[in-house]
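Listed in order, the protein sequences are those of chains E and G. Basically the numbering used here = 1-based index in the first sequence + 1. Basically the numbering used here = 1-based index in the second sequence + 1104. Virtual Cβ for every residue (Gly too), placed ideally from N, Cα, C. Note that the structure is predicted; figures quoted are calculated from it, not measured.
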Amino acid sequence: MTEVILSVTDLKKSYDDVTAVDGLDFEIEKGECFGLLGPNGAGKSTTLAMLEGMEDPTHGSVRYYGAPLPSDYQSRVGIQFQATALQDFLTPFDNLKLFSSFYDDPIPMDQLIEQFRLRDFLHRDSRHLSGGQRQRLLLALALVHNPEIVFLDEPTTGLDPRSRRDLWDVMTDLKADGRTLILTTHYMEEAEVLCDELVILSHGKTLLQGTPEQLIKDAGVSDLDTLFLSLTGETLVKTQEVIE
Amino acid sequence: MSAIGRSLRRIKSVFIARSLEYLRDRASFGWNLVFPVLIVFALAVVFSGPPRALFTITAVASDSLPELVDFPGVETIEAARNKALERLSRQQTDLVIEVVDDSVNYWVNGNSASGAVLELLLKYTESRPLERGETDGEAIRYVDWVVPGILGMNMMYSALWGVGYVVVRYRQSGYLRRLRATPLTKFEFLSAQVLSRLLVTLTASTIVFVGTNLVLDYKMVGSIGLLLLIALMGGLAMITLGLAIACRTASKEFADGLLNAVTFPMLLLSGVWFSLDGSPEWVQMLAQVLPLTHVLEAARAVMLDNAGFTDIAIHLAVLVGFCIVGMGLSIKLFKW
Chain E
2 MTEVILSVTD LKKSYDDVTA VDGLDFEIEK GECFGLLGPN GAGKSTTLAM LEGMEDPTHG
62 SVRYYGAPLP SDYQSRVGIQ FQATALQDFL TPFDNLKLFS SFYDDPIPMD QLIEQFRLRD
122 FLHRDSRHLS GGQRQRLLLA LALVHNPEIV FLDEPTTGLD PRSRRDLWDV MTDLKADGRT
182 LILTTHYMEE AEVLCDELVI LSHGKTLLQG TPEQLIKDAG VSDLDTLFLS LTGETLVKTQ
242 EVIE
Chain G
1105 MSAIGRSLRR IKSVFIARSL EYLRDRASFG WNLVFPVLIV FALAVVFSGP PRALFTITAV
1165 ASDSLPELVD FPGVETIEAA RNKALERLSR QQTDLVIEVV DDSVNYWVNG NSASGAVLEL
1225 LLKYTESRPL ERGETDGEAI RYVDWVVPGI LGMNMMYSAL WGVGYVVVRY RQSGYLRRLR
1285 ATPLTKFEFL SAQVLSRLLV TLTASTIVFV GTNLVLDYKM VGSIGLLLLI ALMGGLAMIT
1345 LGLAIACRTA SKEFADGLLN AVTFPMLLLS GVWFSLDGSP EWVQMLAQVL PLTHVLEAAR
1405 AVMLDNAGFT DIAIHLAVLV GFCIVGMGLS IKLFKW
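So, in structure tokens, the structure goes:
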């Protein structure tokens, strides 16, 4: 029987007179890959920040195994932020060492180096890493303490197709390890390949929720991109491309 | 592992990471060493040679001063008696005059030829009773006087910008947000920043101090230990001030403005380049609320006058106060 790891009830977040998230309700099961989809400004990152415990909701709640978020919640989750800088002049090795020291029982560095294939650029200044190398390093840093839940905020945005596929492999491995993955993405193909459950957001509200197959079947379309187009009048990827 | 042990482990790691970042930034590191050395040598060259041939009289009170003060070529400034005598012993002034009731008290430095000339002129021109006092002390060169100022200025820039600007850069780039998602506490992060920058500041100051002294042989008659204590407290006071400025600021441009707003008054009013003895009282009072003023007054007292701990205790106490307020504000107001 599956177990609910995070449950969200009537979640709202407002900044002054702007409502970024407007009454979300959903549950995330342990070990699943849960996707938050939506165009820019839909409230994905704000929702993710509240699930991560980085932002407090204006209204409603996020519960962990049915209880309020515990004080050591940050030690149970790993977060890969959408835009994270690292300290200048430090190498991936320095960063792994630094982040490992924050926890009592980190994953051995050699294991992380192998798992995320960091060996070839382990002693290179982090400012000189490629997009894919950088994302692999950030993911390794998010997982250094062996967290139960991993948050990924648009992890493949801006990567070339090869690097994106590489990262998908890493995420598939994490899922196979039994971790709960929660990701936001602009790429429908990514959501179809990786996610067990999806919530499509628009203007802070839920438009649709279900498994990718179920959503496609119910809408009678060929793929998620077409479904999204019919819901919002624009494709996610095209929206992103215009912005980039 | 205990909570304190965990905390120390995290502080150590952030300390090492920040120090590595600084040491590998060779341009910044080099500039911190080269800049003050260049300034010291430039001033040593510009102000080399004999002192100016101008007589300087320091008046303790301005009423009914002797006719001598109006002589051509005589410059007169006002100062409190202890300050005036301190200047006389360094031969920064040639004669000190204080008019009390209907008599004129004056002091000369027994080692000063200018003082002897002024004494003769005073005796020749003054009709009121004269009361003589004497101090001694060798003349100091401008470079002797300005070296503590340059070391202090370098410490101020290194401390304020090296912490304040860097923390704002971390915040703006999202690095602090990344750290917030770890068990690292504000106190641990801030402590590591303070310790790392303190090590850098003290090391750079020591290298510049020793290196320039080997060549210029400037005056240092006091305790090296006391001077280190002043550098330690001064460095801490200014680093914590930098942290307080950076504790919430998210814009590098705004931080730039704030840091300039703090460093400019210190550069002008703390006695880096020139003494404020002759300046209006309110300016001198304003200077006392600046940490660099206390660093420089204490350092010059030790280096030039062999002052002891009790002589500079008040300056150290003020610097401790700055540290407590700066660190307290930083921890209270800090935002990742």
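Q.
Within 10 Å of its beta-carbon, does residue 29 of chain E have 16 or more other beta-carbons around it, so buried, or fewer, so exposed?
A. Taking the first sequence and counting its residues from 1, one reaches residue 29 of chain E at position 28. Burial call: buried.
Q | residue 183 of chain E versus residue 141 of chain E - alpha carbon distance | A | Taking the first sequence and counting its residues from 1, the one referred to as residue 183 of chain E is at position 182. Taking the first sequence and counting its residues from 1, the one referred to as residue 141 of chain E is at position 140. Roughly 16 Å separates the two Cα atoms.
Q) Are the CB atoms of residue 1342 of chain G and residue 1405 of chain G nearer to each other than 9 Å? A) As a working note, residue 1342 of chain G is residue 238 in the second sequence. As a working note, residue 1405 of chain G is residue 301 in the second sequence. No, the Cβ-Cβ distance between residue 1342 of chain G and residue 1405 of chain G is not below 9 Å.
Q | Selection of the stretch 74 to 96 of chain E by Cβ proximity to chain G, strictly under 7 Å | A | 75, 76, 80, 82, 84, 85, 86, 87, 88, 89, 90, 91, 95
Q) Out of curiosity, what's the CA-to-CA distance linking residue 125 of chain E and residue 93 of chain E? A) What you label residue 125 of chain E is simply residue 124 of the first sequence in a count that begins at 1. What you label residue 93 of chain E is simply residue 92 of the first sequence in a count that begins at 1. Their backbone Cα atoms lie some 7 Å apart in a straight line.
Q) Mind listing which residues of the stretch 101 to 125 of chain E have their C-beta closer than 8 Å to chain G's C-betas, in chain order? A) 102, 103, 104, 105
Q: Using DSSP bridges, identify the partner residues of residue 1160 of chain G.
A: The sequence position of residue 1160 of chain G within the second sequence is 56, counting from 1. DSSP, once it has assigned bridges, lists G/1179 as partnering residue 1160 of chain G.
(Q) Taking 8 Å as the cut-off, does the stretch 1159 to 1179 of chain G touch the stretch 1203 to 1222 of chain G (at least 3 CB pairs, one atom from each stretch)? (A) yes
**Q.** Partner residues on chain G for residue 256 of chain E, Cβ-Cβ distance less than 8 Å
**A.** Here chain E comprises residues numbered 2 to 245, so residue 256 of chain E is not present and cannot be evaluated.
Q) Going by C-alpha distance, which of G/1370, G/1384, G/1256 is nearest residue 1335 of chain G? A) Sequence index remark: in the second sequence, residue 1335 of chain G carries index 231 (1-based). Among G/1370, G/1384, G/1256, the Cα nearest to that of residue 1335 of chain G belongs to G/1256.
(Q) Can you tell me where the alpha helix (DSSP H) holding residue 60 of chain E begins and where it ends? (A) Indexing the first sequence from 1 puts residue 60 of chain E at position 59. From DSSP, residue 60 of chain E is part of no alpha helix (DSSP H) but of the beta strand (DSSP E) over 60 to 65.
Q. Taking just the CA atoms, how far does residue 1180 of chain G sit from residue 1189 of chain G?
A. Mapped onto the second sequence, residue 1189 of chain G falls at position 85. Mapped onto the second sequence, residue 1180 of chain G falls at position 76. Rounded to whole angstroms, residue 1189 of chain G to residue 1180 of chain G spans 14 Å at the Cα level.
Q | Element boundaries [alpha helix (DSSP H), containing residue 1107 of chain G] | A | Here the question's residue 1107 of chain G lines up with position 3 in the second sequence. It spans 1107 to 1128 - the alpha helix (DSSP H) in which residue 1107 of chain G sits, taken as one unbroken run.
Q. Which whole-angstrom value is the C-beta distance of residue 38 of chain E and residue 160 of chain E, which I expect to be below 8 Å?
A. Locating residue 38 of chain E in the first sequence gives position 37, where the first residue counts as 1. Locating residue 160 of chain E in the first sequence gives position 159, where the first residue counts as 1. Their Cβ separation, rounded to whole angstroms, is 18 Å, which puts residue 38 of chain E and residue 160 of chain E out of contact at 8 Å.
Q) Going straight from the alpha carbon of residue 1103 of chain G to that of residue 1171 of chain G, what length do you get? A) Because chain G here runs from 1105 to 1440, residue 1103 of chain G falls outside it and cannot be looked at.
**Q.** Buried/exposed call for residue 1122 of chain G, threshold 16 Cβ in 10 Å
**A.** Taking the second sequence and counting its residues from 1, one reaches residue 1122 of chain G at position 18. Burial call: buried.
**Q.** residue 1317 of chain G, DSSP secondary structure in three states
**A.** Residue mapping note: residue 1317 of chain G aligns to position 213 of the second sequence, counting from 1. It is helical.
Q: Would you tell me roughly how many angstroms separate the C-alpha atoms of residue 1162 of chain G and residue 1416 of chain G, rounded to the nearest one?
A: In the second sequence, counting from the first residue as 1, residue 1162 of chain G sits at position 58. In the second sequence, counting from the first residue as 1, residue 1416 of chain G sits at position 312. Rounded to whole angstroms, residue 1162 of chain G to residue 1416 of chain G spans 24 Å at the Cα level.
Q. For the stretch 145 to 155 of chain E against the stretch 79 to 94 of chain E, are there 3 or more C-beta pairs whose distance is under 8 Å?
A. yes
Q: Using a Cβ-Cβ cut-off of less than 7 Å, list which residues of the stretch 1285 to 1310 of chain G approach chain E; keep chain order.
A: 1285, 1286, 1287, 1288
Q) What does residue 69 of chain E pair with, by DSSP beta-bridge criteria? A) As a first step, residue 69 of chain E must be located in the first sequence, where it is residue number 68. Answer is E/64, bridged to residue 69 of chain E.
Q: Quick one: residues in its chain with C-beta nearer than 7 Å to the C-beta of residue 1353 of chain G, no 5 flanking neighbours on either side, listed in chain order?
A: Position 249 of the second sequence, counted from the start, is the residue given in the question as residue 1353 of chain G. 1272, 1359, 1362.
Q: Ignore the nearest five residues each way along the sequence and tell me which others in residue 4 of chain E's own chain have a CB closer than 6 Å to its CB.
A: To locate residue 4 of chain E, count along the first sequence from 1; it is residue 3. 31, listed in sequence order.
Q. In whole angstroms, what is the alpha-carbon distance linking residue 1274 of chain G and residue 1182 of chain G?
A. Reading the second sequence from its first residue, position 170 is the one you call residue 1274 of chain G. Reading the second sequence from its first residue, position 78 is the one you call residue 1182 of chain G. So the alpha carbons of these two residues sit roughly 48 Å apart.
Q: Can you pull the chain E residues whose beta carbon is under 7 Å from the beta carbon of residue 1121 of chain G, in chain order?
A: To locate residue 1121 of chain G, count along the second sequence from 1; it is residue 17. Going along chain E in sequence order, the residues near residue 1121 of chain G (Cβ under 7 Å) are 88, 91, 95, 99.
Q. In whole angstroms, what is the alpha-carbon distance linking residue 1376 of chain G and residue 1407 of chain G?
A. Walking along the second sequence from the start, residue 1376 of chain G turns up at place 272. Walking along the second sequence from the start, residue 1407 of chain G turns up at place 303. Cα to Cα, the separation comes out at about 15 Å.
Q | Nearest candidate by alpha-carbon position, reference residue 1349 of chain G, set G/1439, G/1374, G/1421 | A | As a first step, residue 1349 of chain G must be located in the second sequence, where it is residue number 245. Of G/1439, G/1374, G/1421, the residue nearest in Cα terms is G/1439.
Q: Identify the contact partners of residue 1279 of chain G in chain E, using a Cβ-Cβ distance below 9 Å as the criterion.
A: What you label residue 1279 of chain G is simply residue 175 of the second sequence in a count that begins at 1. Those within 9 Å of residue 1279 of chain G in chain E are 85, 86, 87, 88.
**Q.** Beta carbon proximity, residue 142 of chain E to chain G, threshold 9 Å
**A.** As a working note, residue 142 of chain E is residue 141 in the first sequence. With 9 Å as the cut-off, residue 142 of chain E counts as an interface residue toward chain G.
(Q) Please list, in chain order, the residues of the stretch 1120 to 1147 of chain G that have any C-beta partner in chain E closer than 9 Å. (A) 1120, 1121, 1122, 1124, 1125, 1126, 1127, 1128, 1129
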